[in-house]
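Numbering (full-length UniProt numbering), first residue to last: 1 to 514. Have a look at the structure below, then the notes.
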């Protein structure tokens, strides 16, 4: 199994290098075609760009649109992001990741003075954070860097996007049509969530119920079930009841810091959307239905309880379990963990942390709490329901630790302890600073980062073998300290939680109340 997993990883690196070579060949073809400027083809004057697209399309059996995208990517990466392109050559990134980066930096002119710096910072981030990059995490990271260098550009992009809002219809096949609307991200979240909870006992799908509910709201008609099943138990609600239910509170989380609310340039983060500009944050904060909740006290000196090596940032732990139940985190601690993680910590999962379970990384022993598994921010992370169940009943385990620089890393380890997938924490400039209570300080992490003894939770019937050399077939023998052997060479240890001393984090919550 180990050899198969390793071969799979190597095949991805080979594919990345082949994509890099393809970009290089397309760029060379474009340079030669553009140098000619124009040619005569059947009496039609064709520009060098068009000639390049036609050549690529015919050679690779692509449509002209697909060829245009490939040519634009190759030229854009060469002119604006050459260092980012080198990460593809080295097998660090894949083509889809470079496509995301290009889409988020498209408005930065390649001749701009910030382009080389932006290129270098993005490349350095990709090289230092070798782990699981989901589309949402990568988008947020690039947006943050772009805003740092050119906040006016981000604000202008949002203004143009809002100016282009509207609603369109498109006729589809087989008697259906599509209705598309563009609005502010927060408004879209408020309108979408209430539809999900209608006619739960109906046999129709959530998507079908959402479609029917939207039509009923737009037309002011009764929301009826259209499944035509005799055993359907869905209730036909009166229009007044529909409107009253839509008025129910739906919370949208917006994370920022107090300085940004006060007018200092900064960023925010909207649950389910990503990074937003400071103007957008302040617009949301002025809504009459917005509730601003400080997560940390303003100007509170942080207490370092985790970092063992000197660091420019002071790393702190947010402890907190309910007095009546040491297993349950307090609301403040749960909010902090969800803000810190942003998304599910499962590699490749983009589910919002606010819709995830909070899992004890080291399992909590309720009978003997002193054995480990304390409820604190260092021992909690967000997992989607599937990821949570897979850890509970599967063979993989996760380890959460601070690296030499005090950066928080979540590492997923196979049963043979031979491979790992790392999830970097998303926050860097907009990260909470927390205060550790003297009466509830968690212990410092083990210097070797070994996971604590695993106990059996109450929901598990049998404990699967974990982190044993024989856990997977054909796995090479490894020592108990296999992770220690790779400590000096593991490049993804550079992830940082990014606490900012003295800058309090706020959460804006607003609801659909009319």
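C-beta atoms are modelled at their ideal positions from N, C-alpha and C, and glycine is treated no differently. Small disclaimer: the values here were computed from a predicted structure and weren't measured.
Sub-8 Å separation of residue i and residue j beta-carbons
| i | j | result |
| --- | --- | --- |
| residue 274 | residue 136 | yes |
| residue 362 | residue 381 | no |
| residue 321 | residue 330 | yes |
| residue 108 | residue 150 | yes |
| residue 64 | residue 74 | no |
| residue 266 | residue 283 | no |
| residue 397 | residue 403 | no |
| residue 53 | residue 35 | no |
| residue 271 | residue 252 | yes |
| residue 123 | residue 84 | yes |
| residue 176 | residue 167 | no |
| residue 326 | residue 370 | no |
Cβ neighbours of residue i in the same chain (closer than 6 Å, five flanking residues each side left out)
| i | result |
| --- | --- |
| residue 268 | 254, 256, 276, 281 |
| residue 513 | Low confidence applies here, because residue 513 scores a pLDDT of 31, under 50, leaving its location unreliable; read the following figure in that light. Closer than 6 Å at Cβ, skipping near neighbours: 289. |
| residue 260 | 266, 278, 281 |
| residue 81 | 119 |
| residue 170 | 178 |
| residue 110 | 79, 80 |
| residue 197 | At residue 197, the pLDDT of 43 sits below 50, so the modelled position is not reliable and the matter cannot be decided from this model. |
Closest by C-alpha distance to residue i, when choosing among the options
| i | options | result |
| --- | --- | --- |
| residue 332 | 377, 405, 83, 28 | 377 |
| residue 138 | 350, 405, 293 | 350 |
| residue 389 | 97, 356, 165, 401 | 356 |
| residue 294 | 258, 326, 287 | 258 |
| residue 69 | 148, 81, 49 | 49 |
| residue 78 | 25, 59, 211 | 25 |
| residue 134 | 96, 23, 181, 67 | 96 |
| residue 142 | 163, 115, 162, 156 | 115 |
| residue 98 | 170, 264, 23 | 23 |
| residue 358 | 328, 368, 370 | 328 |
| residue 395 | 176, 166, 413, 287 | 413 |
| residue 160 | 1, 184, 102 | 184 |
| residue 264 | 401, 60, 148 | 148 |
Residue span of the alpha helix (DSSP H) that contains residue i, given as start and end
| i | result |
| --- | --- |
| residue 103 | 95-104 |
| residue 48 | 48-60 |
| residue 177 | Per DSSP, residue 177 belongs to no alpha helix (DSSP H); it is in the beta strand (DSSP E), 177-182. |
| residue 123 | 115-128 |
| residue 145 | 135-149 |
Cross-strand partners of residue i (DSSP beta bridge)
| i | result |
| --- | --- |
| residue 400 | 410 |
| residue 277 | 267 |
| residue 351 | Partner(s): none; residue 351 has no beta bridge. |
| residue 321 | 329 |
| residue 284 | In DSSP, residue 284 forms no bridge with anything. |
| residue 339 | BP columns for residue 339 are empty, so no partner. |
| residue 211 | The partner list for residue 211 (beta bridge, DSSP) is empty, contrary to what the question assumes. |
| residue 380 | 360 |
Continuous beta strand (DSSP E) stretch holding residue i: start and end
| i | result |
| --- | --- |
| residue 329 | 325-329 |
| residue 261 | Here residue 261 belongs to no beta strand (DSSP E); instead the alpha helix (DSSP H) covers 258-261. |
| residue 529 | Residue 529 is absent from the structure shown; the chain starts at 1 and stops at 514. |
| residue 76 | Per DSSP, residue 76 belongs to no beta strand (DSSP E); it is in the alpha helix (DSSP H), 64-80. |
| residue 516 | Outside the displayed range of the chain (1 to 514) lies residue 516, so it cannot be described from this structure. |
| residue 392 | Residue 392 -> not in any beta strand (DSSP E); alpha helix (DSSP H) instead, spanning 385-393. |
| residue 169 | 166-171 |
Cβ shell of residue i (< 7 Å), same chain only, five flanking positions each side left out
| i | result |
| --- | --- |
| residue 353 | 338, 341, 342, 343, 344, 382 |
| residue 462 | Any reading at residue 462 must be qualified, since the residue scores a pLDDT of 41, below 50, and its modelled position is unreliable; no value is offered. |
| residue 387 | 344, 346, 349 |
| residue 157 | 107 |
| residue 172 | 178 |
Beta-carbon proximity list for residue i, same chain, < 8 Å, skipping 5 on both sides
| i | result |
| --- | --- |
| residue 458 | At residue 458, the pLDDT of 37 sits below 50, so the modelled position is not reliable; the number obtained from the coordinates is stated separately. Excluding positions up to five away in sequence, the list reads 366. |
| residue 94 | 12, 15, 16, 19, 88 |
| residue 373 | 360, 362, 363, 364, 365, 379, 452, 455 |
| residue 146 | 104, 105, 108, 118, 153, 154 |
| residue 530 | Here the chain covers residues 1 to 514 and nothing more, so residue 530 does not appear. |
| residue 62 | 56, 70 |
| residue 33 | 48, 49, 51, 52, 55 |
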